[in-house]
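These protein sequence lines are chains A and B, in that order. Residues 0 to 166 in numbering that gives the first Met the number 0 are what the first sequence spells out, letter by letter. Residues 0 to 206 in numbering that gives the first Met the number 0 are what the second sequence spells out, letter by letter. First the structure, in the form of structure tokens, and then the observations on it.
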Amino acid sequence: MSRTATQGDPSVFYARDVHQLNLVLGKFLRRSGADTVLLVDEAGHLTARQGETSPASEDTITALVAGTYAASRAMAQMLGSEEFSSLVRCGTDRKIMILRAGDHALLAVAFTSQVAVSLLRTYALEAIRKVCAVFERRLRGPRDSEEQIQGQRFDSEIDSALSDVFG
Amino acid sequence: MARTLQTPETFAFPLIARGKAFGAITLYLGKGYPFEEADVRGLQAIGNVLFAANNRGEAFGAAEAAVPVTSEKLRAYQETLEKVGKILDELLFLTDARAVLLLDSQGDFISKRGEESMYSSNDFATVVASGFAASRRLAGFYGSQQTHTVLHEGDRDNVFVIEVAERALLAVIFRDHGAPALILRWTASAAGRLARHYQSLTEARVL
């Protein structure tokens, strides 16, 4: 479980959700040939990632992804568009594509020039559809007993850690 | 004149600049006119304007260290703006874009061509510049020290942004196009030509 657990809170992800998201992103990475894929919420928090390790602090990368996309979205609103995506070309050999994934998340993909943009976009849209399905299930479905147990174990571990520190 | 106006008082004020008299102003004052300090300052201002007009725009009393805005510099500035405008006009024609914007890195307009609408607003320019600044940092983390570009693709309109000499941004707003790759190439070419005017653009900002 990541972050504070509140049923229906879009910023809360359970172990099963994160596992499913990682499976979707991993499959996307293998099929598309991209180097790295990040699933980031609109505030710039990392939800899931697959592929190469980020060249800098992950928080910085995800914050910049969110910033780039926020500017794109503002442009889209001014131009009267609903959907918008960004393609950043870094010099001649690397590119970063940022797409909206549902209402509250972004998918950022780093890839080399050997990967065809149109093909990558097709795979990315398919991955986004699956990511959105995971989000919907997470918001709708009841938590299973295994996750509740994980939550209780986490709470007890935190309690014991605090006891060790403060006595 | 004094007889015609039937004024009892007449004052002649010399106009002096840089130690030399270059003229005089004669005042015919009405009866009982209270001549005050404010009148003296007003006369000095009139004298400054006359001196500047007589000396091709050179500011009266300007400090020696200040850069004079000479007519030559203004002419160079005008020529640069015309060259920049021509490049933007060509790009607008080639790409059939809705608008072409040349901004500085803070999002202030240097020049613009095309439709006067939301894209020609200051808000839009600011958003373009801020988005580009974030993506520049992002590109830097992925090892790119070269010029980078950003293509924002929407339902109807697309915005392509490219750096010009690391100080300015060239943005092209275009609708669905049969060959978007051509638009990107033409824009990159225009950015290269604009970069050659980089020095002049910088001076233009100073002016």
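Yeah, the Cβ is synthetic: ideal placement off N, Cα and C, and Gly gets one too.
Query                                                                                                      : Result
Test: Ala62 (chain B) CB closer than 8 Å to a CB of chain A                                                : Caution applies to Ala62 (chain B), whose pLDDT of 42 falls short of 50 and renders its modelled position unreliable; the value that the coordinates give is listed next. Chain A contact via Cβ: absent.
CB contact check: Val158 (chain B) to chain A, cutoff 8 Å                                                  : yes
Pairwise C-alpha distance: Thr46 (chain A) and Gly150 (chain A)                                            : Residue confidence for Gly150 (chain A) is low, a pLDDT of 49 falling below 50, so the modelled location carries little weight and cannot support an answer.
Any chain B beta carbon closer than 8 Å to Leu63 (chain A)                                                 : yes
Separation of Leu105 (chain A) from Glu81 (chain A), as counted between CA atoms                           : 15 Å
Cβ-Cβ distance between Ile127 (chain A) and Leu98 (chain A) below 8 Å                                      : yes
Contact residues within the segment 74-91 of chain A, judged by C-beta distance below 9 Å to chain B       : Met74, Ala75, Met77, Leu78, Gly79, Ser80, Glu81, Glu82, Phe83, Ser84, Ser85, Leu86, Val87, Arg88, Cys89, Gly90, Thr91
Chain A within 8 Å of Gly84 (chain B), Cβ atoms only                                                       : no
C-alpha distance - Arg2 (chain A) paired with Glu115 (chain B), whole-angstrom precision                   : Only weak support is given to the placement of Arg2 (chain A): the predicted model assigns it a pLDDT of 46, under 50, and the question is left unresolved by the model.
Cβ of Arg184 (chain B) within 8 Å of any chain A Cβ                                                        : no
Where Arg136 (chain B) meets chain D, residues with beta-carbon distance less than 7 Å                     : Reference to chain D is not applicable here, since the protein chains of this structure are A and B.
Within chain A, partners of Val127 (chain B) - CB distance below 9 Å                                       : Ala70, Met74
Chain A residues whose Cβ lies nearer than 7 Å to that of Asp154 (chain B)                                 : Ser80, Glu81, Glu82
Residue range of the beta strand (DSSP E) that includes Glu152 (chain B)                                   : 147-153
Straight-line Cα distance separating Arg166 (chain B) from Leu193 (chain B)                                : 11 Å
The beta strand (DSSP E) enclosing Val126 (chain B), as first and last residue numbers                     : Looking at the DSSP string, Val126 (chain B) is not in any beta strand (DSSP E); the run it does join, the alpha helix (DSSP H), is 121-140.
Phe21 (chain B) versus B:Thr3, B:Phe12, B:Ala96, residue with shortest Cα-Cα distance                      : B:Phe12
Contacting residues, own chain, Cβ-Cβ under 6 Å from Phe10 (chain B) (five flanking each side not counted) : Leu26
Cα-Cα separation, Asp156 (chain B) to Gly41 (chain B)                                                      : 56 Å
CB of Thr61 (chain A) within 8 Å of CB of Gly43 (chain A), strictly                                        : yes
Whole-Å CB distance - Val108 (chain A) paired with Leu119 (chain A), under 8 Å assumed                     : 7 Å
Spatially closest choice to Pro179 (chain B) from B:Ser119, B:Asp95, B:Ser110, by CA coordinates           : B:Asp95
Environment of Glu57 (chain A) [buried if 16+ CB atoms lie within 10 Å]                                    : exposed
Rounded C-alpha distance that separates Gly153 (chain B) from Ala170 (chain B)                             : 15 Å
For Gly130 (chain B) and Thr91 (chain A), believed in contact at Cβ under 8 Å, the rounded distance        : Going by Cβ atoms, the distance from Thr91 (chain A) to Gly130 (chain B) rounds to 21 Å, so no, they are not a contact pair.
Chain-ordered chain A contacts of Val149 (chain B) [CB-CB under 8 Å]                                       : Thr67, Ser85, Leu86, Val87, Arg88
Cutoff 8 Å: Gln105 (chain B) Cβ touching any chain A Cβ                                                    : no
Contact list for Phe173 (chain B) against chain A, beta-carbon separation under 9 Å                        : In chain order: nothing, as chain A lies at least about 11 Å away.
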